[in-house]
Each structure stands twice: as C-alpha cells, then as structure tokens.
Amino acid sequence: MKIEKPRMFTNTRDLIISLGVLLVVMFFSVGFTGMCSFNPGSADKSGPVQEVDIDTILKTDARGLGIPVRLPAFPDNWEANSGRRTMVDNEPSSKAGWVIDGEAFLALTQTVAELKDAVNDEDGEYREETDTFVVPASKSSTGEDVTWQIWSGDDVKQIWAVDLGDVRLLISGTATQAQYRTMAEAVTKAEPLETGAASSTPGGAYSDGVTARFASASSTRWDAPSR
0 MKIEKPRMFT NTRDLIISLG VLLVVMFFSV GFTGMCSFNP GSADKSGPVQ
50 EVDIDTILKT DARGLGIPVR LPAFPDNWEA NSGRRTMVDN EPSSKAGWVI
100 DGEAFLALTQ TVAELKDAVN DEDGEYREET DTFVVPASKS STGEDVTWQI
150 WSGDDVKQIW AVDLGDVRLL ISGTATQAQY RTMAEAVTKA EPLETGAASS
200 TPGGAYSDGV TARFASASST RWDAPSR
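Numbering that gives the first Met the number 0 applies: residue 0 is where the sequence shown begins, and numbers increase by one.
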C-alpha cells in the first residue's frame, strides 16, 4: 500500500512556507516569554545603567579579602554598575566600576600586588609612565601628598596607579582627564574600610548574598579604549 507524504513535503514552495510559519510561531513564543529583547543602536549605549549596591560590595570585600579597601564618594552623575573580586598578579583583589553621565566608564582596582605588576596585569599591553598627578595632603586621608603615576601606551586605555604602602590603587577605562582626576581625588580622600580575615575566593559569592555577577556584562560593555 502506497503511503502519501504529507503535503508540506511535496515541493520546495510548501517547505519554505512551512518553515516561515514555524519561525513566526517561534518569534511570538519567545517574545511573549520575555526571554528576548531588542535594543537598536550601538552596544555600548544600549539600555539604562544597571546600578549595584557598591557600598555593600566594597565593605564585604574589605572584610573578606582583608585588604584596606576604600569606598570613594562621587557626584550623583556617577553610577556604580559593577563590583567583583578578581585576581591581580595572583593576588585576590577588589574591582569596581562607575558609569559617568551615561557615557564614560572608569574602573577602580584595589590590590596588594606590586604596582608595576598590577599595571602589566591589567590587559597585558605595553605602557610606560608618562606623567603624574599629585593629590595634596589637604585632600588625602594619609595626611601627605599622594602622587599618582599615569601610564600610557599606543591605542590602549590609560591607567592611573598609586602605591599607598599597604595597598595599590589603579584607575582605568574610557573617560576624560578631568574624570580621572575626580576619581583619583575621591579615592585618595576616602578612609580605608574596616577589614577582616580573608575568607572568600575571588569571583565567588559574598557572605551577605551579594555576588560577583554584577560586573561581568555591565562593565564590559562600557569599557573601551581611552579617548
């Protein structure tokens, strides 16, 4: 007995129509579940900034990592969008990021790694010290002038770095020189947070439920070569 094939497989035209119907059904199914979104425009400016609780994140880093982490105070147009633990030259460290005016981005790394090693570990690109920026003692929590080293290279983001003795601080991202200065001054002015015994692994879950997930997507999309 001859078994007829389903009509949808009788010719190419019917097959194409069937596939088209299937795609339409899939499109509407995914759309209604909210699992897919469409944001026209460039990737680095799509959607609002996802703010994170940077106070809790950095305070937990200070207690968990046992290093003198600082929590700088910034103007209202600086929005914290990332905070995580990371490794810098094999040393557990803290890294946080802020979006400025919805466009620029700066990250602050706090580590006990040696300063030059920390700079080299940022992205492996060659840089050399090209300038300095001094925060006067009157604006420093150390009570002394603090000199930031400015590291630059060809087609790479600029890094500002300083050695405060018990911790090294690095600033990097895409921002104006004035915005770099604002972060350098704010971090230098901030007092170290209360520390505790190091207990958590870099990139893992924080003891109070705040996790390292905040950093992965949001900071990356804002990070671009320095202008």
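We put the beta carbon where it would ideally sit given N, CA and C, even for glycine.
Can the beta-carbon of residue i be found closer than 7 angstroms to that of residue j?
i: THR110; j: SER139; result: no
i: GLY152; j: TYR179; result: no
i: LEU70; j: ALA183; result: no
i: ALA174; j: LEU114; result: no
i: ILE158; j: LEU168; result: no
i: ILE53; j: VAL166; result: no
i: GLY82; j: ILE56; result: yes
i: GLU78; j: VAL98; result: yes
i: GLU90; j: ALA112; result: yes
i: ALA185; j: ALA72; result: yes
i: GLY194; j: ALA61; result: According to the sequence as given, residue 194 is Thr; it is not Gly. For THR194 and ALA61, yes; Cβs fall inside 7 angstroms.
Please look up how many angstroms separate the CB atoms of residue i and residue j, rounded, as I've assumed it's under 8 angstroms.
i: VAL232; j: LEU192; result: Outside the displayed span of the chain (0 to 226) sits residue 232, for which this structure offers no information.
i: TRP150; j: VAL118; result: 5 angstroms
i: THR141; j: LEU163; result: 7 angstroms
Given that a residue counts as buried once 16 or more other Cβ atoms are within 10 Å of its Cβ, and exposed if not, what is residue i?
i: SER171; result: buried
i: VAL145; result: buried
i: ALA136; result: exposed
i: ASN80; result: buried
i: ASP122; result: exposed
i: ALA12; result: As written in the sequence, residue 12 is Arg, which differs from the Ala given in the question. Exposed, because fewer than 16 other Cβ atoms sit within 10 Å of the Cβ of ARG12.
i: THR187; result: buried
i: THR108; result: buried
i: GLY96; result: buried
i: VAL134; result: buried
i: VAL23; result: exposed
i: GLY63; result: buried
i: THR231; result: Limits of the chain in this structure are 0 at one end and 226 at the other, which puts residue 231 out of reach.
Considering just the uninterrupted stretch of the alpha helix (DSSP H) at residue i, what are its terminal residues?
i: THR175; result: Element bounds for THR175: n/a, residue is neither H nor E.
i: VAL118; result: 114-120
i: ILE56; result: 53-64
Using 7 angstroms as the limit for Cβ to Cβ distance, is residue i near chain D?
i: PRO74; result: Protein chain content of the structure displayed is limited to a single chain, and chain D is not contained in it.
Which two residues bound the contiguous beta strand (DSSP E) that contains residue i?
i: PRO91; result: 90-99
i: ASP162; result: 158-162
i: LEU107; result: 103-110
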